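Asks:
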Amino acid sequence: MAPNANPMGQVYLGFRSLLFKIAVFVVMAALLAWALGGTLWPRVAMRTVGDPVMGGSVVLVDQIGGDRSSYGLAILDQDGHIESVAPSVTNPASEVWIEALAPVSDPRGEAAAVAFRRDSGWVVLRFEKIMAAHGVGRSPASWPPGNDDLAFYLEVDSRLDAARILDEFSRGESIESGSSTDQSTDTEADATGDASSAG
4 MAPNANPMGQ
14 VYLGFRSLLF
24 KIAVFVVMAA
34 LLAWALGGTL
44 WPRVAMRTVG
54 DPVMGGSVVL
64 VDQIGGDRSS
74 YGLAILDQDG
84 HIESVAPSVT
94 NPASEVWIEA
104 LAPVSDPRGE
114 AAAVAFRRDS
124 GWVVLRFEKI
134 MAAHGVGRSP
144 ASWPPGNDDL
154 AFYLEVDSRL
164 DAARILDEFS
174 RGESIESGSS
184 TDQSTDTEAD
194 ATGDASSAG
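Numbering-wise, the sequence shown is residues 4 to 202 according to our numbering.
#1: Given a cut-off of 9 Å on the beta-carbon distance, is the pair GLU171 and ALA154 in contact?
#2: If I follow the unbroken beta strand (DSSP E) through TRP206, where does it start and stop?
#3: Check whether the Cβ atoms of ILE178 and LEU157 lie closer than 9 Å to each other.
#4: Can TRP125 and ALA115 be called in contact, C-beta distance under 9 Å?
#5: With DSSP as the reference, identify every bridge partner of PHE119, one or two as the case may be.
#6: With 16 other CB atoms within 10 Å as the buried threshold, where does TRP100 fall?
#7: Going by DSSP, what residue range makes up the beta strand (DSSP E) through VAL154?
#8: Looking only at its chain, what residues have a beta carbon closer than 6 Å to the beta carbon of GLU98, apart from the 5 residues adjacent to it on each side?
#9: Might you give, ordered along the chain, the residues of its own chain that have their beta carbon closer than 8 Å to the beta carbon of ASP54, omitting 5 neighbours on each side?
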């Protein structure tokens with residue numbers, strides 16, 4: 004009997020040949036992806052937008068991953084590296100922030116606010132407490148609406164309204180007081196609906 008006639012030896016050679024072909028395929032695929040400027044396993048690309056708030060622990064990020072892109076709030080560690088982001092493009096169930104305005108702090112530095120646009124319109128989010136991602140707290144964008152001790156959500160009509168509210172907030176005005184729009188002016192409407200001067 005010839006030395007290579009053992010059936011188990013033939014199976015071993017077959018598996019070894021298959022593993023070698025798989026390894027060559029993976030290496031060639033990785034080289035092709037690298038040559039085309041991509042990667043074999045897509046990563047989420049993030050860049051910060053604006054200056055960090057809340058003592059340098061929170062920043063707005065623009066993130067692109069796979070077929071989704073979204074803005075989000077990122078919690079930074081002591082070295083300035085991103086610990087967590089919400090909403091995240093890696094979570095298909097999370098909402099998408101189509102546009103966003105960089106967050107601002109109040110004059111005391113105790114709270115911050117950010118404005119973003121989602122499918123339903125513009126929202127201004129004021130948040131106060133930030134804790135590390137590995138700690139007890141949650142990232143600010145995951146706080147539920149109506150939880151006033153952690154965050155306050157205000158829906159606004161346009162980007163301009165959101166920018167105005169953020170500017171007023173950075174000068175010390177409360178977002179909550181801006182939620183009830185005061186329409187009083189120095190004019191009065193007569194019975195026909197025309198505005199006339201009150202002088």
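Virtual Cβ for every residue (Gly too), placed ideally from N, Cα, C.
Treat the numbers as computed from the prediction; the structure is a model and nothing was measured.
Replies: On the basis of the coordinates in this document:
#1: no
#2: Since the first residue of the chain shown is 4 and the last is 202, residue 206 is not available in this structure.
#3: yes
#4: no
#5: ALA103 and VAL126
#6: buried
#7: Going by the sequence as given, residue 154 is Ala instead of Val. Run containing ALA154: 154-159, per the beta strand (DSSP E) assignment.
#8: PRO90 and ARG121
#9: VAL62 and ALA105
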